[in-house]
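Numbering (our numbering), first residue to last: 439 to 811. The C-beta atom is built at its ideal place from N, Cα and C for all residues, glycine as well. Following: one structure in C-alpha cells, then a few remarks.
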Amino acid sequence: MKEINEILKAYSEAKKAGKKTALATVVKVEGSSYRQPGARMLVTEDGNLTGAISGGCLEGDALRKALLSIHQQQNKLITYNTTNENDSEVGLQLGCNGIVHILFEYINDDLINNPIQLLQQLETERKAAIVLTFFSLKRNAPQIGTVLFYRKDSDILHSNDIAINTIPDVKKALESKTTIIKKIQDEDENEALIECIEPVVALVVAGAGNDVQPLVNIAVLLGWEVIVCDGRATHATTKRFPEAKQTFVVKPQQFLDNIQIDDQTCFVLMTHDYKYDLAVLKLLLKKDCKYIGILGPKSKLNRMLDDLSSEGIILSEEQLDRIYGPIGLDIGAETSEEIALSIIAEIKAVMSGKTGTSLKYKTQKIHDSKVVI
Numbered sequence: 439m440k441e442i443n444e445i446l447k448a449y450s451e452a453k454k455a456g457k458k459t460a461l462a463t464v465v466k467v468e469g470s471s472y473r474q475p476g477a478r479m480l481v482t483e484d485g486n487l488t489g490a491i492s493g494g495c496l497e498g499d500a501l502r503k504a505l506l507s508i509h510q511q512q513n514k515l516i517t518y519n520t521t522n523e524n525d526s527e528v529g530l531q532l533g534c535n536g537i538v539h540i541l542f543e544y545i546n547d548d549l550i551n552n553p554i555q556l557l558q559q560l561e562t563e564r565k566a567a568i569v570l571t572f573f574s575l576k577r578n579a580p581q582i583g584t585v586l587f588y589r590k591d592s593d594i595l596h597s598n599d600i601a602i603n604t605i606p607d608v609k610k611a612l613e614s615k616t617t618i619i620k621k622i623q624d625e626d627e628n629e630a631l632i633e634c635i636e637p638v639v640a641l642v643v644a645g646a647g648n649d650v651q652p653l654v655n656i657a658v659l660l661g662w663e664v665i666v667c668d669g670r671a672t673h674a675t676t677k678r679f680p681e682a683k684q685t686f687v688v689k690p691q692q693f694l695d696n697i698q699i700d701d702q703t704c705f706v707l708m709t710h711d712y713k714y715d716l717a718v719l720k721l722l723l724k725k726d727c728k729y730i731g732i733l734g735p736k737s738k739l740n741r742m743l744d745d746l747s748s749e750g751i752i753l754s755e756e757q758l759d760r761i762y763g764p765i766g767l768d769i770g771a772e773t774s775e776e777i778a779l780s781i782i783a784e785i786k787a788v789m790s791g792k793t794g795t796s797l798k799y800k801t802q803k804i805h806d807s808k809v810v811i
C-alpha cells in the first residue's frame, strides 16, 4: 500500500504539471521474480519513475515501453523472460529464473474510473478492497487493463461490463483476503488479476521516550501509520515525533478514545511506566487486535498477568497468543535502534502470518504463490 500511496501522490503532481502518465503493473509471474503480481510503477512522459516492478533490472526497458504506451495512448503487455541470462531479445542478465508479465496502461485523465481513479478509492477507508485488472498473453489481443474496484458494503466501481461477470470471484477473494489470477473463457484468452489490497499497518505506541523515536522512524519508512500516546506533555509532542500521523497526551484510562482499531492495527507498550502499561493492556484485552507488544523482561509480563489475575481477569489462550513479551525478534539487539528493528520485524512477521525465521531454512518458495484458477 505504501507504493500505491506514493504512486497516487506522484500522479497528482504530474497531473498538476500537465504531464501524461502510464501505469506499469506486474500482472503475472511464472517461476521466480523479485516483485510479485500487484507491484506497480508510475511513469511520466518526461521519464520520472515512482514505484518498482523489479529489483531495478527491468526499469530501464520498462521506461521505454511506458513512454511508447503514453505516445500511442494504448495499453500494452510486455513479457520478460529472465530464465536465460543470455536472452538477447531482452538484453538483460537478470538471473531471477522466471517469466514476468507486465501491463502498461496509458492513463486517460478524462476517462471515468481510469486505473488511477480506482486506486484512489483505497485511500477513502481503512478496509481491504479488490482491484481487478484484465490482461491477455495472446499475441495482438487488446489489453483491457484495470477496470474494477470493490469493497464490502460499498458501490462497485468499474469501467468495463465484462468485469461484472467476475464479481463472485472478486467477493471470494475479498472474503479470504487472497490475490488470485483467473483465466477467462473468451476469444481473447483474457486473464484477471483479482488483487486484494489491505490498508497499511497502523502502529499505536504507548510511550514517547527517546527509544520510541527510532521505532517511529522505521515504521514510517515502511509506510505505516504511526500514533504516539503518552501521559507526559513534555514527551508526546509533534516536535519530537514529526513523522507520526498523530501524537496524543493522554491518561491511560482514555488511551483508546481517539484510536480506531481494525485488523491492521497493532500496539506496542513501552512507556517505562508499569502502571500506565498495565492500564492500557487491560483496555486492549477487550479489543480485537493481532499484536500487543510489551517492552521489558519476561518477569514484567508475568507480574502483569499476576496483577490481572488478582483482579479476577484471567486471560484466554487466544488473548495470550496476541501478547508478545518480551517484545521483538531475537537478533541480539542492544541499542534503541536495534531494538526498534527487532520490534518492527516481529510486527511485520505477525501481521503477515509468518514466523520470522531465517529464509535459509525455508524449504518452499520465498513468496507465496498467487492462486491461478
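- Assigned with DSSP and collapsed to three states, Lys454 falls in helix.
- Taking C-beta atoms under 8 Å as the contact rule, Val467 and Leu631 fail to qualify, at a distance of about 11 Å.
- DSSP, reduced to helix, strand and coil, places Tyr449 within a helical segment of the structure shown.
- Approximately 6 Å separates the beta-carbon atoms of Gln558 and Leu446; this is inside 8 Å, confirming the contact.
- By the Cβ criterion, the region 533 to 547 is in contact with the region 507 to 523, since at least three pairs of Cβ atoms, one from each stretch, lie closer than 8 Å.
- Here DSSP, grouped into helix, strand and coil, assigns Asn696 to coil.
- Closest in C-alpha terms to Tyr449, from the list Gly489, Ile782, Gly734, comes Gly489.
- For Ala640, the closest C-alpha among the options Ile618, Thr617, Val666, Asn648 is that of Val666.
- Rounded to whole angstroms, the gap between the alpha carbons of Asn628 and Pro475 is 16 Å.
- Counting of Cβ neighbours within 10 angstroms places Ser614 among the exposed residues, the total staying below 16.
- In the DSSP assignment, Asn655 is bridged to no other residue.
- Annotation: the continuous beta strand (DSSP E) that includes Asp668 extends over 663 to 668.
- DSSP places Arg473 outside both helix and strand once states are collapsed to three, so it counts as coil.
- Contact between the region 690 to 706 and the region 671 to 678 is absent: fewer than 3 CB-CB pairs across the two stretches fall below 8 Å.
- A direct Cα-Cα distance of roughly 10 Å separates Ile781 from Asp768.
- For the pair Ile765 and Leu753, the CB atoms are not nearer than the 9 Å cut-off.
- Excluding the 5 residues flanking it on each side, Ser774 has same chain C-beta neighbours closer than 6 Å at Asp649, Pro652, in chain order.
- In the structure shown, Gly489 falls within a strand segment according to DSSP collapsed to helix, strand and coil.
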